[in-house]
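Enquirer: In this note's numbering, the protein residues as written are 222 to 430. What follows is a single structure, and I will ask about it in a moment.
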């Protein structure tokens, strides 16, 4: 990013960058329109090119910003303390959704980066590191001794994971349909408490007593 852009107010920088992210996420690199970006951002096309030079440089700049923002705000703030697998997935899901609710354009663009080709092909190794982090955050330091002895640990974890994925998808669809305020995302997870207790009874050793 050039000095002129860096001299802008941080809120204005963020608005321009996330507006571009939304356009690229929705249409991909080739079909994204700089005309739509400047209209939504409220700036002239000449100013956009003054800040970024061309469409490809803009794309690479927002990729760098999104990647750095995501890793700083999410990856570096989630610690894998000793806990059960159910508790780990619950905490990880809450952490991710707080981030996704607060920074939806960045979260969507990071997802876009996983599959993007062309100018972002150089980022694929970094995206592989994100995948590795995601796997580590799920399994590192998990207390496997909590699982029932009559169920294979891998089978239990797969079934728990499917339950979480199903609930999260259902919750997201409900929130999208009703227009519920995502700023209060934690409140919507409270209803999941009963499901967590049910999963503990199903998969943890106390269920054997």
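A virtual CB, placed ideally from N, CA and C, is assigned to each residue, including glycine. Quantities reported herein were computed from a predicted structural model and do not represent experimental measurements.
So the alpha helix (DSSP H) residue 312 belongs to, where does it begin and stop?
Expert: Within the chain shown, residue 312 is the residue found at index 91, counting from 1. Residue 312 -> alpha helix (DSSP H) spans 306 to 323.
Enquirer: With a 10 Å radius around its C-beta and 16 neighbouring C-beta atoms as the bar for buried, classify residue 350 as buried or exposed.
Expert: By 1-based counting over the chain shown, the position of residue 350 is 129. Label assigned to residue 350: exposed.
Enquirer: Hey, out of 274, 288 and 309, whose CA is closest to residue 357's CA?
Expert: As a working note, residue 357 is residue 136 in the chain shown. When each option's Cα is compared against that of residue 357, the closest is 309.
Enquirer: Using DSSP's beta-bridge definition, name the partner residues of residue 336.
Expert: Numbered from its first residue, the chain shown carries residue 336 at position 115. Bridge partners of residue 336: none, in fact.
Enquirer: I believe residue 326 touches residue 242 by the beta-carbon criterion, under 8 angstroms. Please report the beta-carbon distance rounded to the nearest angstrom.
Expert: To locate residue 326, count along the chain shown from 1; it is residue 105. To locate residue 242, count along the chain shown from 1; it is residue 21. Right, their Cβ atoms sit about 5 angstroms apart.
Enquirer: Taking just the CA atoms, how far does residue 311 sit from residue 401?
Expert: Counted from its first residue, the chain shown places residue 401 at position 180. Counted from its first residue, the chain shown places residue 311 at position 90. Residue confidence for residue 401 is low, a pLDDT of 49 falling below 50, so the modelled location carries little weight; the figure read from the coordinates is stated next. Each residue's Cα considered, the two are about 21 angstroms apart.
Enquirer: Helix, strand or coil: how does DSSP classify residue 299 here?
Expert: Within the chain shown, numbered from 1, the residue matching residue 299 stands at position 78. In this structure, residue 299 counts as coil in the three-state DSSP scheme.
Enquirer: Apart from the five residues just before and just after residue 417, which ones in its own chain have a Cβ nearer than 7 angstroms to its Cβ?
Expert: To locate residue 417, count along the chain shown from 1; it is residue 196. The residues are 307 and 311.
Enquirer: Compute the beta-carbon to beta-carbon distance between residue 424 and residue 377, rounded to the nearest angstrom, for a pair I have assumed lies under 8 angstroms.
Expert: Translated into the one-based positions of the chain shown, residue 424 becomes position 203. Translated into the one-based positions of the chain shown, residue 377 becomes position 156. With a Cβ gap of about 5 angstroms, residue 424 and residue 377 count as contacting.
Enquirer: Return yes when the Cβ of residue 341 is within less than 8 angstroms of the Cβ of residue 316, no when it is not.
Expert: Taking the first residue of the chain shown as 1, we reach residue 316 at position 95. Taking the first residue of the chain shown as 1, we reach residue 341 at position 120. No. Outside cutoff.
Enquirer: Is it the case that the CB of residue 411 approaches a heavy atom of the ligand SAM more closely than 7 angstroms?
Expert: In the structure on display, the ligand SAM does not appear, and there are no ligands present to speak of.
Enquirer: Check for me: the alpha helix (DSSP H) holding residue 237 runs from which residue to which?
Expert: If you number the chain shown from 1, residue 237 lands on position 16. Here the alpha helix (DSSP H) through residue 237 covers 231 to 252.
Enquirer: Would you kindly work out how many angstroms separate the C-alpha atoms of residue 236 and residue 262, rounded to a whole number?
Expert: Against the chain shown, residue 236 aligns to sequence position 15. Against the chain shown, residue 262 aligns to sequence position 41. Distance between the alpha carbons of residue 236 and residue 262 is about 7 angstroms.
Enquirer: Mind checking residue 288: buried by the 16 CB within 10 Å criterion, or exposed?
Expert: Translated into the one-based positions of the chain shown, residue 288 becomes position 67. It is buried - the Cβ of residue 288 has at least 16 other Cβ atoms within 10 Å.
Enquirer: Can you give me the Cβ contacts of residue 265 inside the same chain, cut-off strictly under 8 angstroms, excluding the 5 residues immediately before and after it?
Expert: Position 44 of the chain shown, counted from the start, is the residue given in the question as residue 265. Cβ within range, chain order: 259.
Enquirer: Comparing C-alpha positions only, which one of 298, 318, 239 and 313 sits nearest to residue 285?
Expert: Along the chain shown, one-based indexing puts residue 285 at 64. Minimum Cα distance to residue 285 is reached at 239.
Enquirer: Give every residue of the same chain whose Cβ lies closer than 8 angstroms to the Cβ of residue 427, excluding the five residues on either side of it in the sequence, and list them in chain order.
Expert: Taking the chain shown and counting its residues from 1, the one referred to as residue 427 is at position 206. The residues are 421.
Enquirer: Which partner residues of residue 368 appear in the DSSP bridge assignment?
Expert: Walking along the chain shown from the start, residue 368 turns up at place 147. Bridge partners of residue 368: 425.
Enquirer: If contacts are defined as beta-carbon pairs under 8 angstroms, then residue 331 and residue 291 qualify, I think. What distance do you get, rounded to the angstrom?
Expert: Position 110 of the chain shown, counted from the start, is the residue given in the question as residue 331. Position 70 of the chain shown, counted from the start, is the residue given in the question as residue 291. Right, their Cβ atoms sit about 5 angstroms apart.
Enquirer: Name the two residues that bound the continuous alpha helix (DSSP H) containing residue 259.
Expert: Numbered from its first residue, the chain shown carries residue 259 at position 38. Where residue 259 is concerned, the enclosing alpha helix (DSSP H) stretches over 255 to 262.
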